[in-house]
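Worksheet for the structure shown next.
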């Protein structure tokens, strides 16, 4: 199998296989309200680097890792996940006083296909939703949130002056940032920012590197 490490940081982030840094703002709803995942607090003098190396994550205890056994298959194409096909481990960190999340994404994959552009390749999706609200500015397809008591009477009703597609892209990602990170990226940008504010994937707001 092919091993990939991604590091990612986003005004809150980092990945292994891809190292990621993200700068984030607050968010809305919890799919698993009874489950809490740990985020490791790095010392201020040991901030993880988005450089393709994973040594600075060695201090993170094993019980902070989120493994394949804690994910579920939601595409409807398979009855369950198969770790012999794809086995993933994710760790998340933060540093007090910094508005950033660091992700370390490690994957063992037995098949890569770069034949097509777009979202054809494997992606690691992250939604940064700081207040766990789900956000009032999500698309109207999420009817459980798009109700007058949450978004107001005007937004709760359809507006014939704008198409559903236009409304979707005008507001999606405004409140909760949505990243589709290619694992790995080949001949394309490192992530697709799902929404109109594509600046969220640029420095100094986010960064990533694969190894």
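Residue numbers (the numbering used here): 2 to 212.
Beta carbons: idealized from backbone N, C-alpha and C, even for Gly.
Remember, it's a predicted structure, so these values are computed and weren't measured experimentally.
Evaluate residue i with the Cβ neighbour count: other Cβ atoms within 10 Å of its Cβ, from every protein chain shown; 16 or more gives buried, anything less gives exposed.
{"i": "residue 121", "result": "exposed"}
{"i": "residue 257", "result": "Residue 257 lies beyond the range of the chain shown here (2 to 212); nothing can be said about it."}
{"i": "residue 173", "result": "buried"}
{"i": "residue 79", "result": "exposed"}
{"i": "residue 85", "result": "exposed"}
{"i": "residue 112", "result": "exposed"}
{"i": "residue 81", "result": "exposed"}
{"i": "residue 193", "result": "buried"}
{"i": "residue 57", "result": "buried"}
{"i": "residue 59", "result": "exposed"}
{"i": "residue 202", "result": "buried"}
{"i": "residue 183", "result": "buried"}
{"i": "residue 83", "result": "exposed"}
{"i": "residue 199", "result": "exposed"}
{"i": "residue 166", "result": "exposed"}
{"i": "residue 190", "result": "exposed"}
Run through the DSSP bridge pairs and tell me what residue i is partnered with.
{"i": "residue 178", "result": "129"}
{"i": "residue 166", "result": "Paired residues: none, contrary to the question."}
{"i": "residue 194", "result": "180"}
{"i": "residue 124", "result": "183"}
{"i": "residue 41", "result": "94"}
Among the options, which has the Cα closest to the Cα of residue i?
{"i": "residue 212", "options": "46, 63, 51 and 41", "result": "51"}
{"i": "residue 41", "options": "101, 77 and 81", "result": "101"}
{"i": "residue 97", "options": "61, 48, 109 and 202", "result": "48"}
{"i": "residue 63", "options": "45, 93 and 82", "result": "93"}
{"i": "residue 197", "options": "208, 205, 189 and 180", "result": "180"}
{"i": "residue 36", "options": "54, 56 and 67", "result": "67"}
{"i": "residue 89", "options": "83, 44 and 108", "result": "108"}
{"i": "residue 115", "options": "126, 130 and 186", "result": "186"}
{"i": "residue 105", "options": "44, 125, 45 and 83", "result": "125"}
{"i": "residue 128", "options": "71, 183 and 176", "result": "176"}
{"i": "residue 61", "options": "95, 167, 53 and 87", "result": "95"}
{"i": "residue 39", "options": "161, 209 and 103", "result": "103"}
{"i": "residue 69", "options": "91, 54 and 55", "result": "91"}
{"i": "residue 46", "options": "99, 10 and 189", "result": "99"}
{"i": "residue 188", "options": "200, 83, 207 and 118", "result": "118"}
| Ordered list of beta strand (DSSP E) runs contained in the stretch 67-95, each at least 3 residues | 87-95
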